[in-house]
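Student:
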Amino acid sequence: MKKGIRWKLILTLGVTALAIFLFYPPKDKIKLGLDLKGGIHLVLQVVTDDAVNIETDTEIARLQEQLKKKNVVYKAIVKGDVGVFTIQGLGTDQEAILKNILDESFQEWDYSFIGETISLRMKDQAARYLKEQSVVQALETIRNRVDQFGVSEPLIQRQGMAGDRIVVELPGVEDPERVKNLIKTTAILEWKLVRAGPAPDEATLLAPFGGTVPEDAQVVKGDPKREAGFYLLDRVATVSGKDLRTVRRSVDEWNSPAVSFSLNPDGGRRFEKATAENIGKQIAIVLDNRVISAPRVESVIPAATGGIIRGRFTIEEAEDLVVVLKAGSLPAGIRYLEERTIGPSLGADSVRQGLISFLVAVVSVMTFMIFYYRLSGLNAIAALILNNIILFGALAYFRAALTLPGIAGIILSVGMAVDANVLIFERIKEEKALGKGILNSIATGFSRAFSAIFDSNLTTIISAIFLFQFGTGPIKGYATTLIIGLVANMFTAVFVSRLIFDLTVPKSAKRLSI
Amino acid sequence: MRLFKTPNIRFMRYKYLALGITALIVLAGLLNVIFGKGIKLGVDFGEGTLIRVIFKTPVSVSDIRSELSAVGLGNSVIQETGKNGREFQIRTMEVIRTREGPELESHEKQANDVIAALRGDDGREEQAAGRLDLNGVERRALAGLLETQFPGQGEGLADRVISQRTSLGIYSDFGELSEAGLGSEASSFLKEKTYLGKLTVISRETVGPQVGKDLRRRATQAIIWSLIGMLIYIAFRFKLANGVSAIFTLTQDVLITLSIYSFTNREINLPIIAGLLTIVGFSINDTIVIFDRIRENQKTLRKMPLEEIMNLSLNQMLGRTFITSGTVFLTVLALFLFGGKVINDFAFIMLVGTIEGIYSTIYLSCPVVLFWQKLFKPRKGGRR
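Protein sequence lines, in the order shown, are assigned to chains A and B. For the first sequence, the numbering used here begins at 8 and goes up steadily by one. For the second sequence, the numbering used here begins at 120 and goes up steadily by one.
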C-alpha cells in the first residue's frame, strides 16, 4: 500500500471513530429541540418603564419631604410622561432654595424653570441604568422562580445582547397557564392595616369619609378569587415581602392549603407592635395590589412567631406563592410577546415521522445510486453513510439541538450530498468516453469536478449562514444541520470517495463499473 | 448507463418562449396575490393562534365549524391533519389590532374560547364530582391520586399511564390502559376516579404582533443578505454578468415558487422562508455547475460563439442536472409523504422549488448572460 494512501485511510477511520464516539449513545448525546421534546417557549418583555415610574415615585416622595423641611411653598407635584414630573405653583422668592435642594440631592434629574412651574426630567443615563437593571433583575428573578418550580434543563436568557426581551424555554412542562402566571406575578406582598371594608363598591366604602380617600390611605380591591369587595387601607405597609425570613407551604387549622412565614427581627418587631396596637381590627394581606385575605388580629403576635397566610388557595396556588415569595419580586411588569406550547405527543409524533422520512429518503437515494452507477454507486453510498455519521458527531459536539426543521435539513443534505458524487461520476464517464484510461479518467474526473463542487456547496452554505443569523430556534436547527452536512460533504464525497477508488480499483484495471 | 446518451438539444433556440412562460406564471401569481386569495401569512408572523387538537372519537370539520360558529369564531381555518378523523388543526383568523396594550392576551383569550367551545359541556359533571380528566391530567397530580390507593407505586404507575398517553395522543377508552402495562386493579381504580375528556390540546402557538413584525423583518433581511452574498461570491468567482444572471435566476426561483404557492391554501411561516432560501441555494448550485462548464469550454473551444458553447455545456451537464435534482426530489418527496403535518408545507415548497430549479437553470441563467454580453459588448462590425 502506498504511504499516502495509508495516511488517508488512517485519517478517514480516525474521523469516523471520533464522530461515532461523539454521538454514541445518541439518546444521551443528541439534544432534542423543544418542538421534538415538547414544552413551553415564551418570549416576554420587561416593561422597563415601570422601573422608571417606581423610581420617580420614590424620588417625588423624597423631594416632598425635603421641601417640607425647608418650608418651601408650592401648589402641587404632578407626574407627566415616564421619568418626568412638574412642581406647580411655586411660591415667590422660593426659587433659590429649590434650586439649592435640586442641585444638592437630585443630581440624577435635569430641571428647568418656566415661570412658577418647574419641570424635572430624569437624566438619560440614569433612566438607561434603571431600565438595564430592571431587565437583569427580572432575568435573575425568573430564573430563581423556574429553579424553585423544578424544571430540568430550562433555558432562560436575554434575547440579543441588550434590549428588554427574555426568552424562556421549559422542556417537558405541560401546564402553560400555571407557568405563565408563576413567571408573570410581580409578587409584591404587603401587610396593611384596614381602615374600612370590605364594601360592595367604592362609594359605600368612602361614605363615612365624606366620599374622598384620606391622604394617607388607599382603596384596594379584593382578589376576585379570594376576597370580594373594596377595602380602605393604610398607604404605608406594616411589613412587606422584603421582611420575610422563611416561607413554606402548610395548612391552616381547617386543613386547607396555606402559606406559613416567619419574619426577620426588624420586621418581627414592627409586626408585634402593629398587632399589639390593633387588637380586634383587621390587617389585610395584599399581593400585587389585591387583597387576598384580611384576618382579624386576635392577640399580639410576638416577633419570633411569624404567622400564616390564608387565601382559599388550592395546593398548587399555595405552592406557587411560596415559589414567588422565595424568589423575590419582579422589579417591573412582564408582558408576553410570544408563546408556544408543544405537547409531548406531538413531539413524539414528529420524531417518528422524521425518522421514517429519513429512512425512506436514504434508502431510495441509495437504491437509485446502485441502480445507476452500479459498483461505483456503493462508493457513493459509503460516502453518504460517513457523511451522516460525521453530521451526527458534529451535532453532538456543538451541542446543537435537533429540531424538526433540523431533521428536514439532514434529509435534504442526503439528497445534496450525492450531488458531488454525481458530478464526479458523470465527469469520469465523459473522460472515459474520450478514450482515457480508467485511472486517468478517475483522476481527471475528481480534479475537474472539484471547482464545481466547491462553488456550489459554498453558495448553499452562504444562504444557510444568513438563515442561521436571522432565524430563530427551529430554523437555526435547520441551518445548522444543512451547513454541517455540506461541509462534511466536501470531505466525504471528494476525499473519501477518491480513497475508496484508490483502494478498490487496481492499477491494471481495464473496466470500471460506473 | 447514461440517462442521456449524447443529447444535442438546442435549448437556446427556445429562450424567448421560456422567458414568456416565466413571465406568465409570475404575472398569474402577482394577480392572484393582489386580486385573488393572496399570500397568507401564518402564525409565525403574528397572525392569530394555531391550535392542534386530538379528539377521543372521530368528528367532522363541519361539526367543529358549527361549534365555533356558535361563539362567533366560524371563520377559523379548520384542517384535518390525521388520517382517522381525530386530529385537527385550527387557526383563528380574527386578528386583534391595538396600538399598544395586551394584544397577545387577546389572541390567547381567543384560543381559550376555541378550546372551551370545542369542549362544550364535556367533563363538567365529572369535574364537579371531583374526578380528574385522564386525558389532561399532569403527571404529578396523577401520581398523587394513585398514591392514595397504591402507596409507594404512584409515581411508577403514573409514568406508565402518561407515556402510553404520549404515544397514543389521547385515551379513547379505559381498555387502552391495560396496554400501558397497568394491572386490572389500577385500571378499575382509574376508571372510578377519572374520566376521559373529549379532546386534548397537543400544541398551541401564538406570536404577538411585535414579535411577528420582528420575524417578518428578520426573514426579509435573511433573504436580501443571502442574495447579496451570492451575487458577490459569483461575481468574484466568475464575471459580473454571471453574478447578475444568477440574481435574475434566483429572483425568478423565488417569484415562481411563491406564485405557485399562492394558489394553494398554505400559509407562509418561518420554515417556508427557510425552504425558499434553500431552493435559491440549490438552484444557484445548478447554475454554477453550468457556468463552470461554460468557462471550461470557453478555454478549449475559443472559436465557438458563446451561444453555441452554452448549448453544448447545457447538454453536457443535462444528465447531472436531472440526476441531482432527482435525488433531492426523492428525499423531499419522502419528507412530503411521511414527514407529517408540521413539516408538510416546507416539503411542498421544496418539491415545487426542486422542479422549478431545473427549469430556471436551463432557461434563465444562460439567456441573461447572453443578453448582458450583447448589451455591454460592442458587436463586431459595429460603428465603433
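Backbone N, C-alpha and C define an ideal beta-carbon position, used for all residues, glycine too. None of these values were measured; they are calculated from a predicted model.
#1: Excluding the five sequence neighbours on either side, which residues of its own chain have a C-beta within less than 6 Å of the C-beta of residue 410 of chain A, listed in chain order?
#2: Which residue marks the beginning of the beta strand (DSSP E) containing residue 547 of chain A, and which one marks its end?
#3: Can you pull the DSSP bridge partners for residue 269 of chain A?
#4: Within this structure, are the beta carbons of residue 33 of chain A and residue 405 of chain A separated by less than 8 Å?
#5: Which residues does DSSP pair with residue 47 of chain A in a beta bridge?
#6: What did DSSP end up calling residue 205 of chain A once you bin it into helix, strand or coil?
#7: In angstroms with no decimal places, state the Cα-to-Cα distance between residue 429 of chain B and residue 131 of chain B.
#8: Closer than 9 Å, Cβ to any Cβ of chain A: which residues of the region 140-152 of chain B, in chain order?
#9: Relative to the C-alpha of residue 437 of chain A, which residue among B:434, B:461 and B:248 is closest?
#10: What do you get for residue 64 of chain A, buried or exposed, if any count of 16 or more other CB atoms within 10 angstroms of its CB means buried?
#11: Taking DSSP as the reference, what is the three-state secondary structure of residue 224 of chain A?
#12: Return the chain-ordered list of same chain residues with a C-beta closer than 7 Å to the C-beta of residue 275 of chain A, the five sequence neighbours on each side being excluded.
#13: Can you give, in chain order, each stretch of the beta strand (DSSP E) that sits fully within the region 291-378 of chain B and has at least 3 residues?
#14: So which residues on chain B does residue 421 of chain A lean against when the C-beta distance must stay under 7 Å?
#15: Do you know offhand how far residue 228 of chain B's Cα is from residue 308 of chain B's?
#16: Short of 8 Å in beta carbon distance, which residues of its chain neighbour residue 5 of chain A, apart from the five on each side in sequence? Order them along the chain.
#17: Mind reading off the beta-carbon distance from residue 212 of chain A to residue 239 of chain A? Whole number of angstroms is fine, and I expect it under 8 Å.
#18: Quick one, which of A:177, A:114 and A:135 has its alpha-carbon nearest residue 153 of chain A's?
#19: Quick one: give me the first and last residue of the beta strand (DSSP E) that residue 291 of chain A is part of.
#20: What residues of chain A sit near residue 443 of chain B, judged by a beta carbon separation below 7 Å?
#21: Looking at the structure shown, is residue 129 of chain A part of a helix, part of a strand, or coil, going by DSSP?
#22: Using 10 angstroms around the beta-carbon of residue 503 of chain B, count the other beta-carbons present and answer buried if the total reaches 16, otherwise exposed.
#23: Could you check whether the region 249-266 of chain A touches the region 316-332 of chain A, counting it as contact only if at least three pairs of C-beta atoms, one from each stretch, sit closer than 8 Å?
#24: Please classify residue 515 of chain B as buried or exposed, where buried requires at least 16 other C-beta atoms within 10 Å of its C-beta.
#25: For residue 508 of chain A, which residues from the same chain have a beta carbon less than 6 Å from its beta carbon, with the 5 sequence-adjacent residues on both sides left out?
#26: Taking 8 Å as the CB-CB cut-off, is residue 329 of chain B touching chain A?
#27: Below 8 Å on C-beta distance, what does residue 486 of chain B contact in chain A?
#28: For residue 203 of chain B, collect the residues of the same chain with a Cβ closer than 7 Å to its Cβ; drop the 5 residues on either side in sequence, then sort them by chain order.
#29: With a threshold of 7 Å (Cβ to nearest heavy atom), would residue 129 of chain B be considered close to the ligand GDP?
#30: Using a Cβ-Cβ cut-off of 6 Å (strictly less than) and excluding sequence neighbours within five positions of residue 134 of chain B, which residues of its own chain qualify?
#31: Using three-state DSSP, classify residue 308 of chain A as helix, strand or coil.
#32: Inspect the CB distances between the region 258-267 of chain B and the region 326-343 of chain A and report whether three or more fall short of 8 Å.
#33: Check residue 420 of chain B in the structure and name its three-state DSSP category.
#34: With a threshold of 6 Å on Cβ separation, who are the neighbours of residue 499 of chain B within its own chain once the five nearest residues in sequence on each side are excluded?
#35: Could I get the ranges of all uninterrupted alpha helix (DSSP H) runs contained in the region 407-456 of chain A, with 4 residues as the minimum, in chain order?
#36: Measuring straight from C-alpha to C-alpha, what distance separates residue 9 of chain A and residue 506 of chain A?
Tutor: On the basis of the coordinates in this document:
#1: Sequence index remark: in the first sequence, residue 410 of chain A carries index 403 (1-based). Once the five neighbours on either side are set aside, the close Cβ partners of residue 410 of chain A are 40, 42, 481 and 484.
#2: The question about residue 547 of chain A has no answer, for chain A in this structure spans 8 to 521.
#3: Counting from one through the first sequence, the residue named residue 269 of chain A turns up at place 262. According to DSSP, which records beta bridges pairwise, residue 269 of chain A is partnered with A:253.
#4: In the first sequence, counting from the first residue as 1, residue 33 of chain A sits at position 26. In the first sequence, counting from the first residue as 1, residue 405 of chain A sits at position 398. Residue 405 of chain A sits away from residue 33 of chain A, with the two beta carbons spaced by 8 Å or more.
#5: As a first step, residue 47 of chain A is located in the first sequence; it is residue number 40 there, counting from the start. Answer by DSSP bridge pairing, in chain order: A:177 and A:348.
#6: For this step, residue 205 of chain A is matched to residue 198 along the first sequence. If DSSP states are grouped into helix, strand and coil, residue 205 of chain A belongs with the strands.
#7: As a position in the second sequence, residue 429 of chain B is number 310, starting the count at 1. As a position in the second sequence, residue 131 of chain B is number 12, starting the count at 1. Going from the Cα of residue 429 of chain B to the Cα of residue 131 of chain B covers about 8 Å.
#8: For the region 140-152 of chain B, which is checked against every Cβ of chain A, not one residue is closer than 9 Å.
#9: The count along the first sequence starts at 1 and reaches residue 437 of chain A at position 430. Among B:434, B:461 and B:248, the Cα nearest to that of residue 437 of chain A belongs to B:434.
#10: Stepping through the first sequence from its first residue, residue 64 of chain A is reached at position 57. Residue 64 of chain A is exposed by the Cβ-count criterion.
#11: Counting from one through the first sequence, the residue named residue 224 of chain A turns up at place 217. Reduced to three states, the DSSP call for residue 224 of chain A is strand.
#12: On the first sequence, residue 275 of chain A is found 268 positions in, with the first residue counted as 1. Same-chain partners within the cutoff: 310 and 311.
#13: For the region 291-378 of chain B, the full-length beta strand (DSSP E) segments reaching 3 residues or more read 318-326 along the chain.
#14: Residue numbering aside, residue 421 of chain A sits at position 414 when the first sequence is read from its first letter. Within chain B, the residues near residue 421 of chain A are 450.
#15: Translated into the one-based positions of the second sequence, residue 228 of chain B becomes position 109. Translated into the one-based positions of the second sequence, residue 308 of chain B becomes position 189. Between residue 228 of chain B and residue 308 of chain B, the C-alpha separation is close to 36 Å.
#16: Since the first residue of chain A shown is 8 and the last is 521, residue 5 of chain A is not available in this structure.
#17: To locate residue 212 of chain A, count along the first sequence from 1; it is residue 205. To locate residue 239 of chain A, count along the first sequence from 1; it is residue 232. About 6 Å; that satisfies the 8 Å criterion.
#18: As a position in the first sequence, residue 153 of chain A is number 146, starting the count at 1. The residue with the shortest Cα to Cα distance from residue 153 of chain A is A:177.
#19: For the purposes of this step, residue 291 of chain A is identified with residue 284 of the first sequence, where counting begins at 1. First-last of the beta strand (DSSP E) with residue 291 of chain A: 290-294.
#20: Indexing the second sequence from 1 puts residue 443 of chain B at position 324. Per Cβ cutoff of 7 Å: 426 and 429.
#21: To locate residue 129 of chain A, count along the first sequence from 1; it is residue 122. Correct three-state label for residue 129 of chain A: strand.
#22: Counting from 1 along the second sequence, the entry for residue 503 of chain B is found at position 384. Note that residue 503 of chain B scores 37 on pLDDT, short of 50, meaning its location in the model is unreliable; the coordinates nonetheless yield the value given after this. Under the 10 Å beta carbon count, residue 503 of chain B is surrounded by fewer than 16 other beta carbons and is classified as exposed.
#23: Cβ pair count under 8 Å is three or more, so yes.
#24: Nothing can be reported for residue 515 of chain B: it is not among the residues displayed for chain B, which extend from 120 to 503.
#25: Start at 1 with the first residue of the first sequence, and residue 508 of chain A comes out as number 501. Here the set comprises 449.
#26: Stepping through the second sequence from its first residue, residue 329 of chain B is reached at position 210. Yes, residue 329 of chain B lies at the interface with chain A (some Cβ there is under 8 Å from its Cβ).
#27: Numbered from its first residue, the second sequence carries residue 486 of chain B at position 367. Going along chain A, no residue has its Cβ under 8 Å from residue 486 of chain B, so there is no contact; the nearest lies around 20 Å.
#28: Locating residue 203 of chain B in the second sequence gives position 84, counting from the first residue. Correct list, in chain order: 177.
#29: You won't find the ligand GDP in this model; it holds no ligand whatsoever.
#30: In the second sequence, the residue the question calls residue 134 of chain B occupies position 15. For residue 134 of chain B, same chain residues with a beta-carbon under 6 Å away, outside a window of 5 residues either side, are 486 in chain order.
#31: Residue mapping note: residue 308 of chain A aligns to position 301 of the first sequence, counting from 1. Coil.
#32: In short, these stretches do not touch, since the Cβ pair count stays below three.
#33: Against the second sequence, residue 420 of chain B aligns to sequence position 301. Residue 420 of chain B: coil per DSSP, three-state reduction.
#34: Start at 1 with the first residue of the second sequence, and residue 499 of chain B comes out as number 380. Only weak support exists for where residue 499 of chain B lies, its pLDDT of 48 falling under 50; the value from the coordinates is given anyway. Apart from sequence neighbours up to five positions away, no residue of its chain approaches residue 499 of chain B with a beta-carbon distance below 6 Å.
#35: DSSP runs (the alpha helix (DSSP H)) wholly in the region 407-456 of chain A: 411-440.
#36: On the first sequence, residue 9 of chain A is found 2 positions in, with the first residue counted as 1. On the first sequence, residue 506 of chain A is found 499 positions in, with the first residue counted as 1. Between residue 9 of chain A and residue 506 of chain A, the C-alpha separation is close to 12 Å.
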